[in-house]
Amino acid sequence: MKRWTIAATLTAVLLSASSPAAPPVGGWAVVKAPEFPGFTRVIVKRDRNAWNVTLTSTWYGDQAMQDVRADGNRLLFKFYNGNPRLVPSDIVLERSGKGIHIKGKLWDQEFDVAALPASVKKLKALDFRTTTLPPKRVVAQPDLAPTPPMGWSSWNKFATDISDKTIREIADALVKSGLRDAGYIHVNIDDGWQGKRDAGGRLQPNANFPDMKALADHLHARGLKLGIYTSPGPKSCAGYQGSYGHVQEDARTFAEWGIDYLKYDLCSGEAFYHTADTVYGTYQEMGEALAATGRPIVYSLCEYGRFDVGSWGRDVGGHLWRTTGDIEDNYDRMATIGFDKNGVPKHTGPNGWNDPDMLEVGNGGMTAAEYRTHISLWALLAAPLILGNDVRTMNAETLSLLTNEEVIAIDQDKRGAQGLPVKKDGKIEIWTKSLADGAVAVGVFNRDAGEYTVAVDWAEIGLPKVSKLRDLWAHNDLAATPSEVTVPAHGVRLLKVWR
Ligand code: GLA
């Protein structure tokens, strides 16, 4: 937290009022700000020749502005929120009547916020209470994910339009459709369940989730597990309550509810934690908090692959870690992630998995061939298989894509190796994955928009002697080792090959 002395500020406020030709110095309370970024307070100081501006917000706490410059009687500066993709633009601070205005843009949010001079007491009341991270430690990793986690999550299809009712219906559909028995047992509530904190600081679900414990009991009685979502920042990505300052307490609450899986999504936490050490520290903090509850909880790290997360995800107690930003229900984005942003292969393996994000199968944005590519690629990668569609209303084709046992077996292979590309030739990629039984899964992918007949040189891809081949989507054994295979547009031929 940046300190400013009350006396200095008061003097400065008086001084600034008397010299309107220079930028104002002092402290102001924001009258009304857009929900994002939720500005509450502005402090301007002048130390010798340098201007310092601190903006306090409900999303990012106290942030010192970057690149602060005087321009006549205005100040210009940039807000850096810790996100490497943000290109900060100039924010302008200028006098307005008795107070000031700050005008600018953060992400897509434009703002023109008025702030008025306030008493020291009032400014103090707007303090953002910062917390410190624990000293760096390695957290014991509970043995909860010997194979990549499988389940369902609300985000891809429902975003924040979720309720207890939806989740119960999804659970029932998972059971009835056979998806649970195919292995999809985690039912994960993503962003949008959170309500407010009560007077004691305990996080409450919002009105759509009247009783989390009862919901967990309902799922457990059906052989399913309940997952939940929070952020190390003050706000989740969709603007709900985060766990900043309440990490241990929230972990205890989740354990009391009977939660079995936590997705911890950096979101607004990136403004506080944007170095390798602090990102490790914040994920360590929750890893320790989960461990302290004594409840087995699968720990899913979501920080978009920053700071080579696979190299330390296990050390904070994590079982899976996102390797990328968000997937979308279209071939290009899915393929970019699956082929090219799938994490460092050596980090994946039993109990700790590279996570290229949840599935989009059944959401309607891709062809059946493209969805087959999506599942096949995730299976070869040993990626978590977290469904993202409305399993209550899916059609037979979607169900059959999701319940192909032979493909699921490739994903869930006990060896836990991440498949690798062994040949890339223009739009054609051949991937292989070594399996626990000594066989090899082979994916021949066509990234082009037209059908291809691909010549396969088995020796060249490390399989000089093939004794048996099986097509895992056609569900048949191949009579002879083919020298070429036909692959549909954006499609795949997924084979299991015995040497
Ligand atoms: C981020 C995550 C998504 C999802 C949303 C929820 O974008 O990467 O998977 O959890 O937040 O707001």
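Counting in our numbering, the sequence shown runs from 2 upward without gaps. Every residue gets a Cβ at the ideal spot worked out from N, C-alpha and C, and that includes glycine. For clarity, every value in this text was computed on a predicted model and none was experimentally measured.
- Message: Using DSSP's beta-bridge definition, name the partner residues of H187.
- Response: G152 and K226
- Message: Is the beta carbon of W194 closer than 7 Å to that of P118?
- Response: no
- Query: In three-state DSSP terms, what is D165?
  - Reply: In this structure, DSSP gives D165 a helical state, which the three-state scheme calls helix.
- DSSP puts E95 in a beta bridge; with which residues? H102
- For ligand 1, list every residue whose C-beta falls under 6 Å from any of its heavy atoms, going in chain order. W156, D191, D192, S237, C238, A239, D266, C303 and D327
- Task: Could you give the DSSP three-state label for E430: helix, strand or coil?
- Result: strand
- With burial defined as no fewer than 16 other Cβ atoms inside 10 Å of the residue's Cβ, what is the status of K264: buried or exposed? buried
- Message: According to DSSP, simplified to helix, strand and coil, what is S58?
- Response: strand
- Query: Beta carbon of N157, beta carbon of M335: below 7 Å?
  - Reply: No, they are not a contact pair.
- Is the number of C-beta pairs between the segment 265-283 and the segment 222-238 that are closer than 8 Å three or more? yes
- Message: Please report the straight-line C-alpha distance between L436 and A383, rounded to a whole angstrom.
- Response: 11 Å
- Query: Do R96 and P25 come within 7 Å of each other at the CB atom, strictly closer than that value?
  - Reply: Contact check for P25 against R96 passes: the beta carbons are separated by less than 7 Å.
- Message: At the level of alpha carbons, what is the spacing between A588 and A397?
- Response: Here the chain has residues from 2 to 500 only, and residue 588 is not among them.
- Is DSSP giving C303 helix, strand or coil here? In the structure shown, C303 adopts extended strand secondary structure according to DSSP, grouped into three states.
- Message: Once the 5 residues before and after V32 are set aside, which same chain residues still bring their CB inside 7 Å of it?
- Response: A115, A116 and L117
- Item | Beta-ladder partner(s) of L470, from DSSP | L470 is bridged to V498.
- Secondary structure at Y453, three-state DSSP: helix, strand or coil? strand
- Same chain, Cβ closer than 6 Å to E430, neighbours up to 5 away in sequence not counted: The answer, listed in chain order, is P422 and F446.
- Thinking just about the alpha-carbon of each residue, which of L381, R373, T374 and G366 is nearest to the one in D356? L381
- Item | 7 Å Cβ shell around R253 - same chain, five flanking residues per side excluded | T294
- Message: DSSP three-state label for R75, please.
- Response: strand
- CB A490 to CB A450, shorter than 7 Å? In this structure, the beta-carbon distance from A490 to A450 falls below 7 Å.
- Query: Quick one: what's Q285 bridged to in DSSP?
  - Reply: Answer is none; Q285 lacks a bridge partner.
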